[in-house]
Amino acid sequence: MINYVNASGPLALAIPTWRNSLVFHSLDKITSTFLHTLPALLLFCTRWYPPPGYVPEEQLSLSASLGGGLAAYMGWQALYLLHTEVVFRHRLSSHRDLMTSIRWLTTTPYSGITLVVHRLLRGCGVLAPDEMFNSEQWKTKLIFIAVQFVYTAVTMLPVHLLWASFRLHLGFLLAIYGICVWNGASYYIEVFSKAYRKKFEGDEAARRAAMLEALEAPGFATAAPAPSMDAPNMAAPSMAAPSLEPGVAETKIKSQ
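Written out as structure tokens, the structure reads:
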């Protein structure tokens, strides 16, 4: 029962909350998708197609689902803090590159629920106007523990309704998995469009580089400029008629 509540509530609704994407070539994304989708599918099959010897209850009360689910969450949270703040405290402190959930959530720029929480806390005065989350401070850790508790409680509220209706339960899972597939398709479209744009820009840059290289090549000569008429060695021809010498002129007159 506790597994059903956690798998159908917080785990399943983490897909739209954290924008899980069905991206097959990314180990990080496919692992996160596997962790959030498969438990809900397993418990759906267990509820509506029970194995031999197991007879599920017809109704699941809100008090039982919420009480058992939150008790399991608080136990998990205590073990998580023991793991990060006691057992591996020194290693995590000396290796800031090791990623924990609190470090991942507080990495800037904020998005999703982290951005919403940050704005709300600054608006109500819990955080200063210019204060950012710090994953190494207990103030930030306590904030996210409280936010996680509220999120867990809210996402467990509709679980007892899913238990009572096959169609509602099936529609819920189809919607959740549809969002996961949609996020993956959007991711691929964004990645492929960026790759195509970079390829186009690269081809254009290569063509421009080839043109510049051709213009600067030694064999590429331009026409020589026309000589200027004002140059010293380019005297303009005289338009005046050549004059006759005096002796030649007198001889011609006498002969006439």
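Anchor point for the sequence shown: position 144 equals 1528 in this note's numbering, and the numbering is continuous, going up by one each time.
All residues carry an ideal CB built from backbone N, CA and C; glycine is no exception.
Nothing here was measured: the structure is a model prediction, and the numbers come from that model.
Taking the straight line between their C-alpha atoms, what separation do you get for F1418 and R1591?
Inter-residue distance for F1418 and R1591 is about 45 Å (C-alpha atoms, whole angstroms).
Reduced DSSP secondary structure (H/G/I, E/B, other) of W1547:
In the structure shown, W1547 sits in a helix (DSSP, three-state: H, G or I).
Where do the N-terminal and C-terminal ends of the alpha helix (DSSP H) with A1391 fall, by residue?
In this chain, A1391 is not harboured by any alpha helix (DSSP H), its DSSP state being neither H nor E.
So, at 7 Å on beta carbons, what are the nonlocal neighbours of F1556 in its own chain, with the 5 sequence-adjacent residues on each side left out?
So the qualifying residues of the chain are L1546.
Could you pull out every residue in the same chain whose Cβ sits closer than 6 Å to the Cβ of I1386, ignoring the five residues on either side in sequence?
G1452 and A1456.
Could you check whether the Cβ of G1437 sits closer than 7 Å to any heavy atom belonging to the ligand ZN?
In terms of ligand content, the structure shown is empty, and the ligand ZN therefore cannot be addressed.
Mark Q1532 as exposed unless 16 or more other C-beta atoms lie within 10 angstroms of its C-beta, in which case mark it buried.
Q1532 is buried by the Cβ-count criterion.
Rounded Cβ spacing between L1450 and M1540 (contact assumed at less than 8 Å):
Their Cβ separation, rounded to whole angstroms, is 5 Å, which keeps L1450 and M1540 in contact under 8 Å.
If you run the structure through DSSP and keep just helix, strand and coil, what is A1714?
The chain is shown from 1385 up to 1640; residue 1714 falls before or after that span and cannot be answered.
Short Cβ contact (8 Å threshold) for V1407 with G1568:
Yes, Cβ-Cβ distance for V1407 and G1568 is below 8 Å.
Just reading off the alpha helix (DSSP H) that R1503 is part of, what are its end residues?
The continuous alpha helix (DSSP H) containing R1503 extends over residues G1496 to C1508.
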